[in-house]
Amino acid sequence: MSVELLVNNWIKAAYDRGASDVHLEPEGDDKLRVRMRVDGDLHHIETVPDAKKVLARVKVMASLDVNERAVPLDGRFNIAEIGGRNGLDVRLSTTPCMGGEKAVLRVIDNSRLGMSLEDLGFTKKMLAIYKPLVSTPNGLLLHVGPTGCGKTTSLYAVIQTLNRPELNIQTVEDPVEYDVQGITQTQVNHELGLSFPKVLRALLRQDPNIILVGEIRDAETAEIATEAAITGHLVLSTLHTNDAVGTVVRLLDMGIAPYGIAYAIRSVVSQRFVRKLCPQCRRSAQPPEHLVKIIGANRPVYTAEGCPACKRTGFQGRAPIFELMPMTAPLRKAIYASASPDELAQVAAQSGLISLWQDGLDKALGGLTSVEEVMRVVKGVRELPKGSPRPVQATPTPRATGRGAPRPQAKPAPGARPAARPPAAAKPPGA
Ligand SMILES: [Zn+2]
9 MSVELLVNNW
19 IKAAYDRGAS
29 DVHLEPEGDD
39 KLRVRMRVDG
49 DLHHIETVPD
59 AKKVLARVKV
69 MASLDVNERA
79 VPLDGRFNIA
89 EIGGRNGLDV
99 RLSTTPCMGG
109 EKAVLRVIDN
119 SRLGMSLEDL
129 GFTKKMLAIY
139 KPLVSTPNGL
149 LLHVGPTGCG
159 KTTSLYAVIQ
169 TLNRPELNIQ
179 TVEDPVEYDV
189 QGITQTQVNH
199 ELGLSFPKVL
209 RALLRQDPNI
219 ILVGEIRDAE
229 TAEIATEAAI
239 TGHLVLSTLH
249 TNDAVGTVVR
259 LLDMGIAPYG
269 IAYAIRSVVS
279 QRFVRKLCPQ
289 CRRSAQPPEH
299 LVKIIGANRP
309 VYTAEGCPAC
319 KRTGFQGRAP
329 IFELMPMTAP
339 LRKAIYASAS
349 PDELAQVAAQ
359 SGLISLWQDG
369 LDKALGGLTS
379 VEEVMRVVKG
389 VRELPKGSPR
399 PVQATPTPRA
409 TGRGAPRPQA
419 KPAPGARPAA
429 RPPAAAKPPG
439 A
């Protein structure tokens with residue numbers, strides 16, 4: 009098989025399987041290991057000869073210099089025959105490594121463009137809170153979580169909802185992931201000195217209604233974005249934080265005044281992916297003993313034993329679960345009063361926050377995924393000290409630090425009191 013056909017076949021297979029990335033890694037004797045990331049995990053596909061030829065081929069596809077092997081490169085290309093109406097966009101990055109170069113092909117599925125908030129997986133309960141916030145003319149809407157949690161896709165869904173000819177929507181991104189008709193998108197260019205703050209200041213002079221800032225990475229960007237949100241613009245952005253309360257803490261750490269945070273933020277959405285149960289072998293069952301303690305008795309749960317359709321894993325595809333923290337008067341007051349992270353979490357829980365665990369559990373009880381899967385994903389994310397059920401006994405591993413212990417990166421606010429001991433009682437949702 010020709011190298012051209014080989015590469016195209018991998019990309020086609022990646023698209024068909026819903027893979028996010030294809031990894032090409034040199035092994036000894038000019039061999040190349042091919043792996044794909046599906047539903048968050050890498051799977052070995054094959055090992056082929058002619059590693060150098062394949063690397064040269066993908067570089068040609070992305071219009072990169074085939075002879076430049078000593079520095080990391082990145083580029084992109086489109087394959088018209090794969091994917092939807094606009095073909096399939098692929099982003100290529102290469103890095104020099106022992107034995108040659110490693111290449112990663114990121115498959116960018118344009119079909120996710122045009123998704124509505126409903127398509128994204130927001131429940132009715134969340135939409136009732138979130139939709140009115142999206143249609144306000146100003147404020148800061150944040151989507152947070154680790155790399156690959158789907159926060160950028162969510163922001164585009166919001167932009168899609170708002171995209172109308174009477175509004176000026178401008179973005180600053182690094183890089184521009186999706187090409188959206190009707191809005192002005194600007195890419196950060198570090199070589200030309202076009203940083204996030206520089207582009208942001210420039211586009212604020214162009215009379216925008218809505219501004220999408222790809223990511224808030226530094227204090228200067230945070231400050232301009234907050235300022236813009238307070239002075240009559242709707243600002244959408246992402247932050248690399250674990251959860252909603254952690255986002256407030258991070259912004260404080262970046263030097264944003266409590267006043268700015270309290271009055272700019274409309275909501276913070278934190279998100280994660282869970283694996284969906286295979287529709288072929290999914291069935292409802294009585295919950296095992298350890299789950300009864302958490303979700304209450306007499307509520308059926310869903311499990312999947314595995315079948316040929318899901319390669320015996322019991323799972324097929326992924327879906328997001330969300331934490332939604334709307335800004336409320338009590339929360340604003342707590343931020344303004346420099347409350348500790350634990351106090352903020354408590355106030356947020358009492359004033360309408362829907363936790364990842366609550367949303368995940370709702371979706372698990374509806375059959376989307378298993379309760380264990382939600383526990384696996386939620387574990388390690390700050391949960392709420394009060395008023396929401398917690399995934400106890402998810403694993404037998406004892407927790408090293410107490411739930412109420414301050415997180416190491418969270419600088420205690422001035423005058424913050426030591427964290428209160430979390431109350432023991434946790435009632436199941438809907439009880
Ligand atoms: Zn199955």
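Add 8 to the 1-based position in the sequence shown for the working numbering, that's all there is to it. Just so you know, even glycine gets a beta-carbon here, dropped at the ideal spot from N, CA and C.
Measure the alpha-carbon distance for E1 versus R99 and round it to whole angstroms.
Shown here, the chain extends from 9 to 439; a query on residue 1 therefore has no answer.
Could you tell me if the beta carbon of A237 falls within a distance shorter than 7 Å of some heavy atom in ligand 1?
No, ligand 1 has no heavy atom inside 7 Å of this Cβ.
Quick one: any contact between the stretch 282 to 289 and the stretch 310 to 322, if contact means 3 or more CB pairs under 8 Å?
As far as the Cβ criterion goes, the stretch 282 to 289 touches the stretch 310 to 322, which means the pair count is three or higher.
So, do the stretch 53 to 73 and the stretch 343 to 358 have three or more beta carbon pairs nearer to each other than 8 Å?
Contact fails: fewer than three Cβ-Cβ distances are below 8 Å.
Using DSSP with H/G/I as helix, E/B as strand and the rest coil, what is A21?
A21 falls in the helix class under three-state DSSP.
Relative to the C-alpha of H31, which candidate in I302, E54, E12 and S10 has its C-alpha closest?
With distances taken between Cα atoms, H31 lies closest to E54.
For ligand 1, any of its heavy atoms closer than 7 Å to the Cβ of A327?
Every heavy atom of ligand 1 is 7 Å or more from the Cβ of A327, so no.
Could you have a look at V184 and say whether DSSP puts it in helix, strand or coil?
Reduced to three states, the DSSP call for V184 is coil.
In this structure, does DSSP put H248 in helix, strand or coil?
In the structure shown, H248 sits in coil (DSSP, three-state: anything other than H, G, I, E or B).
Can you tell me where the beta strand (DSSP E) holding L148 begins and where it ends?
That run of the beta strand (DSSP E) goes G147 to V152.
What does a CB cutoff of less than 7 Å around Y23 pick up in its chain, not counting 5 residues either side in sequence?
Correct list, in chain order: I90, G91, L96 and V115.
From G129 to P328, what distance separates their C-alpha atoms?
When rounded, the distance between both Cα atoms is 7 Å.
Give the DSSP bridge partners of I87, in chain order.
For I87, which the question treats as bridged, DSSP gives the partners L96.
Checking the sheet assignment: what are the DSSP bridge partners for F323?
Its beta-bridge partners are L285.
Going by the C-beta, is C105 closer than 7 Å to any heavy atom of ligand 1?
Flag unset: Cβ of C105 not near ligand 1.
Please decide whether P216 counts as near chain D, where near means a Cβ-Cβ distance under 8 Å.
The displayed structure is made up of one protein chain only, and chain D is not part of it.
Enumerate, from N- to C-terminal direction, the unbroken alpha helix (DSSP H) stretches of 4 or more residues contained entirely within the stretch 41 to 87.
With a minimum length of 4 residues, the continuous alpha helix (DSSP H) runs that stay inside the stretch 41 to 87 are 59 to 69.
Grab the span of the beta strand (DSSP E) containing V309 for me, first residue to last.
Here the beta strand (DSSP E) through V309 covers V309 to A312.
In angstroms with no decimal places, state the Cα-to-Cα distance between L220 and V282.
Straight-line Cα distance between these residues: approximately 26 Å.
For the alpha helix (DSSP H) containing V207, name the first residue and the last one.
Looking at the DSSP string, the run of the alpha helix (DSSP H) that includes V207 is F204 to L212.
What do you reckon, is the C-beta of G314 under 7 Å from a heavy atom of ligand 1?
Flag set: Cβ of G314 near ligand 1.
Quick one: what's got a C-beta closer than 8 Å to I269's C-beta in the same chain, skipping five residues either side?
The residues are T234, V256, L259, L260 and I343.
If we call anything under 8 Å between Cβ atoms a contact, is F204 one with V188?
Not closer than 8 Å, so no.
On the DSSP bridge list, what partners appear for V300?
In DSSP, V300 forms no bridge with anything.
CB of A317 to nearest heavy atom of ligand 1: below 7 Å?
Under cutoff, so the answer is yes.
If you draw a straight line from the alpha carbon of G360 to that of V253, how long is it in whole angstroms?
Distance between the alpha carbons of G360 and V253: 13 Å.
Alpha carbon to alpha carbon, what distance is there between T246 and P158?
A small correction: the amino acid at residue 158 is Gly; Pro does not occupy that position in the sequence shown. Roughly 10 Å between the two C-alpha positions.
Buried or exposed: where does K371 fall if 16 or more other Cβ atoms within 10 Å of its Cβ makes it buried?
It counts as buried.
How is H306 classed by DSSP in three states: helix, strand or coil?
Per the sequence shown, the amino acid found at residue 306 is Asn instead of His. In this structure, N306 counts as coil in the three-state DSSP scheme.
From I303 to E313, what does the alpha carbon distance come to, in whole angstroms?
Straight-line Cα distance between these residues: approximately 21 Å.
Is G322 a contact residue of ligand 1, with contact defined as CB to any heavy atom under 7 Å?
Result yes, Cβ under 7 Å from ligand 1.
Using 8 Å for Cβ pairs, my map puts M8 next to V382. What's the rounded Cβ distance?
Outside the displayed span of the chain (9 to 439) sits residue 8, for which this structure offers no information.
Helix, strand or coil for V30? Go by DSSP, reduced to three states.
V30 falls in the strand class under three-state DSSP.
Three-state secondary structure (DSSP) at R340?
R340 falls in the helix class under three-state DSSP.
Using the rule of at least 16 other Cβ atoms within 10 Å of the residue's Cβ for burial, across every protein chain shown, is P296 buried or exposed?
So P296 ends up on the exposed side.
Can the beta-carbon of L244 be found closer than 8 Å to that of L149?
Taking 8 Å as the Cβ cut-off, L244 and L149 qualify as a contacting pair.
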